[in-house]
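Asker:
Number of protein chains: 2
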Amino acid sequence: MNRDRGVTGPSGFKAAGVAAGIKESGALDLALVVNEGPGQAAAGVFTTNQVKAAPVLWSQQVLRERRLRAVVLNSGGANACTGPEGFQDTHATAEKVAAVLDVGAIEVAVCSTGLIGERLPMDDLTAGVDKAAAELAATDRAGLDAATAVMTTDTHPKQSFQAHPDGWSVGGFVKGAGMLSPNMATMLSVITTDAALDGDALDAALRRVTARTYDRLDVDGGTSTNDTVLLLASGASGVTPDPEEFAKTLEAVAGDLVKQLQGDAEGVTKEVAITVTGALTEAEAVEVAKTVAEDNLVKTALFGSDPNWGRIAMAVGRSRATVDQHRLSIAINGVTLFADGHKAADRAEADLSGRDVDIVVGLGLGDGTATVLTTDLSHAYVEENSAYSS
Amino acid sequence: MNRDRGVTGPSGFKAAGVAAGIKESGALDLALVVNEGPGQAAAGVFTTNQVKAAPVLWSQQVLRERRLRAVVLNSGGANACTGPEGFQDTHATAEKVAAVLDVGAIEVAVCSTGLIGERLPMDDLTAGVDKAAAELAATDRAGLDAATAVMTTDTHPKQSFQAHPDGWSVGGFVKGAGMLSPNMATMLSVITTDAALDGDALDAALRRVTARTYDRLDVDGGTSTNDTVLLLASGASGVTPDPEEFAKTLEAVAGDLVKQLQGDAEGVTKEVAITVTGALTEAEAVEVAKTVAEDNLVKTALFGSDPNWGRIAMAVGRSRATVDQHRLSIAINGVTLFADGHKAADRAEADLSGRDVDIVVGLGLGDGTATVLTTDLSHAYVEENSAYSS
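These protein sequences, in sequence, are chains A and B.
Our numbering applies: residue 4 is where the first sequence begins, and numbers increase by one.
Our numbering applies: residue 4 is where the second sequence begins, and numbers increase by one.
1. Who are the near neighbours of residue 353 of chain A in its chain, counting only those whose CB is closer than 7 Å to its CB and skipping five residues on each side?
2. Any beta carbon of chain B sitting closer than 8 Å to that of residue 380 of chain A?
3. With distance defined between alpha-carbon atoms, name the residue in A:39, A:259, A:312 nearest to residue 348 of chain A.
4. Could you confirm whether any beta carbon from chain B is found closer than 8 Å to the beta carbon of residue 265 of chain A?
5. Just checking: is the beta-carbon of residue 91 of chain B within a distance shorter than 8 Å of some beta-carbon in chain A?
6. Among B:33, B:358, B:57, B:65, which one has its Cα closest to the Cα of residue 43 of chain B?
7. From the DSSP output, in three-state form, read off residue 373 of chain B for me.
8. Near residue 140 of chain B, what residues of its chain come up, given a Cβ to Cβ distance below 8 Å and the 5 sequence neighbours on each side ignored?
9. Distance cutoff 8 Å, beta carbons only. Does residue 215 of chain B sit that close to anything in chain A?
10. Tell me where the alpha helix (DSSP H) around residue 26 of chain B begins and ends.
11. Closer than 9 Å, Cβ to Cβ, to anything on chain B: give me those residues from the stretch 308-323 of chain A, in chain order.
12. Does the beta-carbon distance from residue 49 of chain B to residue 230 of chain B come in below 8 Å?
13. Quick check: the stretch 366-380 of chain B against the stretch 270-283 of chain B, are there 3 or more CB pairs under 8 Å?
14. Closer than 8 Å, CB to CB, is residue 346 of chain A near chain B or not?
15. Comparing the C-beta of residue 373 of chain A with each C-beta of chain B, is any distance below 8 Å?
16. Suppose you measure from the CA of residue 4 of chain B to the CA of residue 94 of chain A; what does that come to, to the nearest Å?
17. Excluding the 5 residues flanking residue 91 of chain A on each side, which residues of the same chain have their C-beta closer than 7 Å to its C-beta?
18. Using a Cβ-Cβ cutoff of less than 8 Å, which residues in the same chain neighbour residue 253 of chain A once the five nearest sequence positions on both sides are dropped?
19. Determine, for residue 53 of chain A, whether the minimum Cβ-Cβ distance to residues of chain B falls below 8 Å.
20. Should residue 349 of chain A be flagged as near chain B, meaning a C-beta pair shorter than 8 Å?
21. Give the single residue among A:365, A:163, A:120, A:317 whose Cα lies nearest to the Cα of residue 89 of chain A.
22. CA-CA distance, residue 225 of chain A and residue 240 of chain B?
23. Could you tell me if residue 27 of chain A is buried or exposed, where buried requires 16 or more neighbouring beta carbons within 10 angstroms of its beta carbon?
24. The beta strand (DSSP E) spanning residue 359 of chain A covers which residue range?
25. Looking only at its chain, what residues have a beta carbon closer than 7 Å to the beta carbon of residue 202 of chain B, apart from the 5 residues adjacent to it on each side?
26. What are the residues of the stretch 294-305 of chain A that lie near chain B, defined by any Cβ-Cβ distance shorter than 7 Å?
27. If you draw a straight line from the alpha carbon of residue 255 of chain A to that of residue 215 of chain A, how long is it in whole angstroms?
28. Check whether the Cβ of residue 86 of chain A lies closer than 8 Å to any Cβ atom in chain B.
29. I'd like to confirm the pairing. Which residues does DSSP put opposite residue 274 of chain A in its beta bridges?
30. Between which two residues does the beta strand (DSSP E) containing residue 195 of chain A stretch?
31. Please tell me whether residue 338 of chain A has its Cβ less than 8 Å away from any Cβ of chain B.
32. So residue 118 of chain B contacts chain A; which residues on that side make the cut at Cβ distance below 8 Å?
33. Is it buried or exposed, residue 187 of chain A, if we count other Cβ atoms within 10 angstroms and call 16 or more buried?
34. Check for me: the alpha helix (DSSP H) holding residue 19 of chain B runs from which residue to which?
35. Can you name the start and end residues of the alpha helix (DSSP H) that residue 299 of chain A belongs to?
36. With residue 164 of chain B and residue 9 of chain B assumed to form a contact (beta carbons below 8 Å), what rounded beta-carbon distance in angstroms separates them?
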C-alpha cells in the first residue's frame, strides 16, 4: 500500500484543497475531486442514521444515476438538522460547482462534516469553490490537499493507493473514524479508480467491500448524520478488470484507510481487533464483536492494560446473537484465558503492555466468523469529546 | 421515602451483614435476609444476559416455587464463569444457610457480586453464614449492615422504606448501578414487605415495577452476569393490599433505590433524565431513550456541560425505533433547542452548570412515552473502570 498517493493516483482525476474560511482557524476546509473521464460511473454508500444531513439527502439522490463528474466536500460544518434551507445550501453548492466545471448539478455529489445544526457560510463556500477549481491538479500534492481539507479532529490526512499489474489502480482518502460507527461528527471517504467499470459494477463492489471494511470499524457505536463513501471510475486506463480482482484491490485500499482511521481515533492508546469465531452466522459474529467493541467496561479495562476476560464474557452474553456460556472461549493476545466454562489461565499471562490487542472470542456453535476493529476508552477520549463540539 | 430503613423495615424480617473474609480489605462482605413469616411468598427478576452466574442459575430455579425463607448475598466475588464447580459452591452455600436456619435449601436464594471468573473462598463463606445467623436481628442497624455488606464500588449503602396507611410497608436495599445496564459487575436488590400476598401477585407486581424502574436506569448499556431483584413477603401485617396500591408503593421504593444508584454511579458528575415523548409505542420510546443514554458522544458532551443537541439528534437517528427528523424536537433543561427540522435557540441558552440534566426528545409520531435515567461519561468513570477489576 502506498499512503503518499490518494484520489489523484488513478489517472483521469484532478483534485484541490483550499482554505475557504469556513473554519475560523484558517485551515484548509474545502476539497474538490473531479473525474475527467472518459467514464463517469460512480457509486455511493451512505449513513443508515434516520437523521440525515442535507448533503447526504442530495448525494443519495444524485447517485441514483450512478454517474458523477465531481465531488465537493467541506469541513467546518455538517449542514445537518438545518431544514429546507440547509438542503438549498447543498443544492446551491452543487450548482456552483456545476457552473464552474461546466457540468450538470446532478453530476455533483456534496459531503459536509463538522458541527450539527448550524448553516454553512455560503459566501465563503462559493468563493472557495472558485478558488479550488482554479487550483485543480492531477498531482499527488493536490490529492493530499483534498485529503487534508476534510479533516476535523483527525491529526493527519489519510490516503491509500494501490496499482494493479494489469494497468489500473485504486486510490482514496478518508477522514473521521468508522462508517456506521464514527466517533466524531462524520466519516467521509472518496475513492477513485481508472478502471473501466459501469455504475452497477461499482455499486456491487462498493457495497461488498464497505460491509467488510468501513462497517467493521466500531469506535463507539455512533453512526453519524453525514457518513458517506463514494467511488468514482474514470475508465482512463482502458482496462475492464475482473470483478473479483477489482473487489480485492478496492478492499485492500479501503482496509488500509480504515486501519488509519483506527490508529487516529480520538484518544486511542490501544488498537484492538476483536475476532469472533464459531457463531451461527457471519451476521451473528459481527453482532457479538460489535457488542464487545462498544462495551465501555471492556474498553476502559483495555485502557488500563487489564486482560479482564470477565467483562468480555459479560458483553458477549448481552449481545443479541446466540451464545452458550458452556462453549464460550476467550483468548487475548494469544493466551486462552477462558474455555469450557472455566478460567483457563491466569489473566496475568496475557501481556497487554503494547498498543495492539488481539481478542478472539470462540462461540463454538457454527461457522460464522468476523473481525471488528475498535479502540480503548481513555482519558483523552473523554477530554477531546467533552471539550470539542462536533 | 425513608432512607434510614430497609429490608428490616417491614415486620417479619431479620437481617445481618458480617465480614466473612471474602474481601481482602476486611470490610463487610456477607449478608443474610430471613423471612420469619408467617408467609413465605417471593418473586425474582434476573439478568437477561446469556452468560449467567451460578447464583443466578440457582436462584432462578429456586424461585420457580415462588417461596423463599432466606436470601444469602456476598460481595468479593461474582461466582460467574466458574463452571459446575461454581454451581456446586452456590448449592453448598444454600445448603449451609438451610442447615443453620433449619429450612430447605430450595427456600434459600443466593446472590453474588464481584470479580468474574474466580471461585469463592468457601471456608470463609461458610463460617460467615454461621456468624451472620448468630447476628440476625430485626433492627434498622441489621438492615443497614446487610445493605453495606453487598457493596462493591458503591460509596454508600442504599436503602428505602415506605409505610402504607393501611398497616403494611415495603423496604429494601440495592447495590450497583442499574438492572439490565449496570456499570459494574452486578446490580443486586432485595425488597421485603409485610403485606399478605401470594407468589403470583408478587411476581406480577415485581415484573411490572422493575420494567419501569430498574430497567430504566442505563449507565453504560452493560447487563451483568449476576443482576438480581428479589421480593419477599412475610404477610406479618395481616393485610392483603389492593394490587394497584401495592404496585404503587413498590414502585415508589424501587424508584427511590434506582435514583440512589444513579446518584452513586461510577464517576457521575451529572444525573441525567432522558424523556422521550411522541414515539409510536412505549417500547420505541425506551429504545430511543436508551440509545441516547448509552451514546458516548452525548455522555462526554454532558460531562463538558455542553448542550450539544446535534449529538442527541445523531443518537436518536441511529436508534432502532421509527424517527422522522422533520418532526423531531429536542429540549435541554427546559429550553427547546431544535424543533421542526431547525435550530430553535442558541445552545448557550440551556444552562448545564448544575448536576441535574433534563433532556426531552419529542418524536411527534404517537403516544409512546418513557423516561430513562443515566449519567455522564467522566474522567472519573474511566479512572475507576480502568483501575478497578470487576
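Glycine included, each C-beta is placed from N, C-alpha and C at the ideal position.
Answerer: Straight from the coordinates:
1. Reading the first sequence from its first residue, position 350 is the one you call residue 353 of chain A. For residue 353 of chain A, the CB contacts under 7 Å within the same chain, skipping 5 residues up- and downstream, are 310, 335, 336, 338, 340 in chain order.
2. Position 377 of the first sequence, counted from the first residue, corresponds to residue 380 of chain A. For residue 380 of chain A, the answer is yes, since a Cβ of chain B falls inside 8 Å of its Cβ.
3. On the first sequence, residue 348 of chain A is found 345 positions in, with the first residue counted as 1. Per the Cα distances, A:312.
4. As a working mapping, residue 265 of chain A is identified with position 262 in the first sequence. With 8 Å as the cut-off, residue 265 of chain A does not count as an interface residue toward chain B.
5. Position 88 of the second sequence, counting from 1, holds the residue named residue 91 of chain B. It does not; no Cβ of chain A falls within 8 Å.
6. Position 40 of the second sequence, counted from the start, is the residue given in the question as residue 43 of chain B. Nearest of B:33, B:358, B:57, B:65 to residue 43 of chain B, Cα basis: B:65.
7. Counted from its first residue, the second sequence places residue 373 of chain B at position 370. Strand.
8. One-based indexing of the second sequence puts residue 140 of chain B at position 137. Hits under 8 Å: 11, 17, 18, 19.
9. Taking the first residue of the second sequence as position 1, residue 215 of chain B is located at position 212. With a threshold of 8 Å between beta carbons, residue 215 of chain B makes no contact with chain A.
10. Taking the second sequence and counting its residues from 1, one reaches residue 26 of chain B at position 23. Note, residue 26 of chain B: premise wrong, no alpha helix (DSSP H); not H, not E.
11. 308, 309, 311, 312, 313, 314, 316, 317, 318, 319, 320, 321, 322
12. Here residue 49 of chain B refers to the residue found at position 46 of the second sequence. Here residue 230 of chain B refers to the residue found at position 227 of the second sequence. In this structure, residue 230 of chain B lies closer than 8 Å to residue 49 of chain B by Cβ.
13. yes
14. Taking the first residue of the first sequence as position 1, residue 346 of chain A is located at position 343. Output row for residue 346 of chain A: interface = yes.
15. On the first sequence, position 370 is the one that residue 373 of chain A refers to. Not an interface residue.
16. Here residue 4 of chain B refers to the residue found at position 1 of the second sequence. Here residue 94 of chain A refers to the residue found at position 91 of the first sequence. Using only the alpha carbons, I get a separation of about 58 Å.
17. Taking the first residue of the first sequence as position 1, residue 91 of chain A is located at position 88. There are no such residues.
18. On the first sequence, position 250 is the one that residue 253 of chain A refers to. Taken in chain order, the residues that qualify are 173, 194, 196, 208, 209, 212, 234.
19. The count along the first sequence starts at 1 and reaches residue 53 of chain A at position 50. Cβ-Cβ to chain B under 8 Å: yes for residue 53 of chain A.
20. On the first sequence, position 346 is the one that residue 349 of chain A refers to. The C-beta of residue 349 of chain A comes no closer than 8 Å to any C-beta of chain B.
21. Locating residue 89 of chain A in the first sequence gives position 86, counting from the first residue. Out of A:365, A:163, A:120, A:317, A:120 has the C-alpha closest to the C-alpha of residue 89 of chain A.
22. In the first sequence, the residue the question calls residue 225 of chain A occupies position 222. In the second sequence, the residue the question calls residue 240 of chain B occupies position 237. Going from the Cα of residue 225 of chain A to the Cα of residue 240 of chain B covers about 52 Å.
23. What you label residue 27 of chain A is simply residue 24 of the first sequence in a count that begins at 1. Exposed is the call here.
24. Here residue 359 of chain A refers to the residue found at position 356 when the first sequence is read from its first residue. First-last of the beta strand (DSSP E) with residue 359 of chain A: 359-365.
25. In the second sequence, residue 202 of chain B corresponds to position 199, counting from 1. Same-chain partners within the cutoff: 44, 45, 46, 69, 70.
26. 298, 299, 300, 303, 304
27. The count along the first sequence starts at 1 and reaches residue 255 of chain A at position 252. The count along the first sequence starts at 1 and reaches residue 215 of chain A at position 212. Rounded to whole angstroms, residue 255 of chain A to residue 215 of chain A spans 11 Å at the Cα level.
28. On the first sequence, position 83 is the one that residue 86 of chain A refers to. Judged by the 8 Å Cβ criterion, residue 86 of chain A is in contact with chain B.
29. Locating residue 274 of chain A in the first sequence gives position 271, counting from the first residue. The partner list for residue 274 of chain A (beta bridge, DSSP) reads A:359, A:378.
30. Sequence index remark: in the first sequence, residue 195 of chain A carries index 192 (1-based). Counting along the chain, the unbroken beta strand (DSSP E) around residue 195 of chain A starts and ends at 191-196.
31. For the purposes of this step, residue 338 of chain A is identified with residue 335 of the first sequence, where counting begins at 1. Not one chain B Cβ lies under 8 Å of residue 338 of chain A.
32. Position 115 of the second sequence, counting from 1, holds the residue named residue 118 of chain B. Near residue 118 of chain B (Cβ distances below 8 Å), the residues of chain A are 313.
33. As a position in the first sequence, residue 187 of chain A is number 184, starting the count at 1. Confidence is the limiting factor: at residue 187 of chain A the pLDDT is only 49, short of 50, which leaves the residue's position unreliable, though a coordinate-based value still follows. It is buried - the Cβ of residue 187 of chain A has at least 16 other Cβ atoms within 10 Å.
34. Residue mapping note: residue 19 of chain B aligns to position 16 of the second sequence, counting from 1. Element bounds for residue 19 of chain B: not the alpha helix (DSSP H) but the beta strand (DSSP E), 16-21.
35. Indexing the first sequence from 1 puts residue 299 of chain A at position 296. Unbroken alpha helix (DSSP H) run through residue 299 of chain A: 299-306.
36. Counting from 1 along the second sequence, the entry for residue 164 of chain B is found at position 161. Counting from 1 along the second sequence, the entry for residue 9 of chain B is found at position 6. Between residue 9 of chain B and residue 164 of chain B the Cβ distance is about 6 Å, and since that is below 8 Å, they are a contact.
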